[in-house]
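A.B. asks:
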Amino acid sequence: MAFSRFRFRCSNVIKPIELEHVFFSYPSFSIDNVTTELRQGELKAVAGRNGSGKTTLFRLILGLLQPRQGEIRVFGRPVNKDNLWSVRQDVGFLFQSPQDQLFAPTVWEDISFGPRNQGLTEEETSARVEQALDIVGLSELGGRPVNQLSHGEAKRIALAGIIAMRPKILLLDEPFSGLDYPMIAGLLDIVNNLRREERVSVMYTTHDRFFLENWADSVLVMRRGRVVYDGAIGAALVSPDLQPEVGGCSLLRAHLADSTD
Numbered sequence: 003m004a005f006s007r008f009r010f011r012c013s014n015v016i017k018p019i020e021l022e023h024v025f026f027s028y029p030s031f032s033i034d035n036v037t038t039e040l041r042q043g044e045l046k047a048v049a050g051r052n053g054s055g056k057t058t059l060f061r062l063i064l065g066l067l068q069p070r071q072g073e074i075r076v077f078g079r080p081v082n083k084d085n086l087w088s089v090r091q092d093v094g095f096l097f098q099s100p101q102d103q104l105f106a107p108t109v110w111e112d113i114s115f116g117p118r119n120q121g122l123t124e125e126e127t128s129a130r131v132e133q134a135l136d137i138v139g140l141s142e143l144g145g146r147p148v149n150q151l152s153h154g155e156a157k158r159i160a161l162a163g164i165i166a167m168r169p170k171i172l173l174l175d176e177p178f179s180g181l182d183y184p185m186i187a188g189l190l191d192i193v194n195n196l197r198r199e200e201r202v203s204v205m206y207t208t209h210d211r212f213f214l215e216n217w218a219d220s221v222l223v224m225r226r227g228r229v230v231y232d233g234a235i236g237a238a239l240v241s242p243d244l245q246p247e248v249g250g251c252s253l254l255r256a257h258l259a260d261s262t263d
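The working numbering applies: residue 3 is where the sequence shown begins, and numbers increase by one.
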């Protein structure tokens, strides 16, 4: 993979993400007094049942929604209208459904959109697109229409579009949903390489205990819009009170068990 060809921008001083007493309200749902943080290079899982507020939390961090109260900071900058452009250069958001993210006619055009909007030259943009496609292992798909991609290919192309912008933070919303084991393994390898070689900090949502056990430094557990746990994985996995959020069956583990029968 082509990670050695460029370096992501890094900061070792200020925390990538900080939320302090954040409140947000929909007509029928609210985020209630959320305080948490993401440290430099950290891999943080966000667990909770459907409707617990996980995706809403990510949209607040990215500035797609505005909190009613409290403050959200990305590398020390408040997430507000004055800082939205710079915040979104630092934060890459992978939607749960890649079809909600891919909009250009072809793969190449879609990935090149971000670098062009960062003001890069066509030569620099082309180099970034090539590097991003190489990283996700789909260099041969540059000319393919995005509506002809499989679900797994679309996820990786959406991630390539993020990589091409060289963010410092990745927010991954249910990144493994709808993927088979080889595709999951490939996506894990891509993100692990970004973390190891570029010190990218990652938050991701999941329903699957397998990932909580094997792919997280810490976990934030949400229940009906509130944080009920924020800390080490081990304590969360054995807590009786948290089993509704972290104790569910693992679809990936079941797949691996079936494959060995």
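In this text, a Cβ means the ideal position worked out from N, Cα and C, and glycines have one as well.
Between the region 49-58 and the region 114-129, are three or more C-beta pairs nearer than 8 Å?
C.D. replies: Not touching, per the Cβ criterion.
A.B. asks: Check whether the region 97-109 and the region 142-154 touch, using three or more Cβ-Cβ pairs below 8 Å as the test.
C.D. replies: Taking 8 Å as the limit for Cβ pairs, the verdict is that the region 142-154 does touch the region 97-109.
A.B. asks: Note down the Cα distance separating Asp34 from Leu173, rounded to an integer number of angstroms.
C.D. replies: Approximately 21 Å between the Cα atoms of the pair.
A.B. asks: I need the DSSP call for Pro29, collapsed to helix, strand or coil.
C.D. replies: It is coil, neither helix nor strand.
A.B. asks: Measuring CB to CB, does Met205 end up less than 9 Å from Gly154?
C.D. replies: Their beta carbons are not under 9 Å apart, which means Met205 does not touch Gly154 by this criterion.
A.B. asks: So for His209, helix, strand or coil by DSSP?
C.D. replies: Three-state result, His209: coil.
A.B. asks: Using alpha carbons as the reference points, say which of Glu247, Val36, Gly43 lies closest to Glu73.
C.D. replies: Residue Val36 is the option with its Cα nearest to Glu73.
A.B. asks: Restricting to Cα atoms, I'd like to know which of Gly249, Ile113, Leu40 is closest to Phe213.
C.D. replies: Taking only the C-alpha atoms, the option nearest Phe213 is Gly249.
A.B. asks: So which of Met167, Glu39, Pro29, Ser27 has the shortest CA-CA distance to Asp232?
C.D. replies: With distances taken between Cα atoms, Asp232 lies closest to Glu39.
A.B. asks: If we count the other Cβ atoms within 10 Å of its Cβ and call it buried at 16 or more, is Pro117 buried or exposed?
C.D. replies: Result: buried.
A.B. asks: Give the single residue among Gly180, Asp191, Ile16 whose Cα lies nearest to the Cα of His209.
C.D. replies: Selected option, being the one with the closest Cα: Gly180.
A.B. asks: Among Arg226, Val193, Lys170, which one has its Cα closest to the Cα of Leu158?
C.D. replies: Strictly speaking, residue 158 in this sequence is Arg, with Leu absent from that position. Considering only alpha carbons, the answer is Val193.
A.B. asks: Are the beta-carbon atoms belonging to Arg90 and Gly65 less than 9 Å from one another?
C.D. replies: Going by C-beta atoms, Arg90 is nearer than 9 Å to Gly65.
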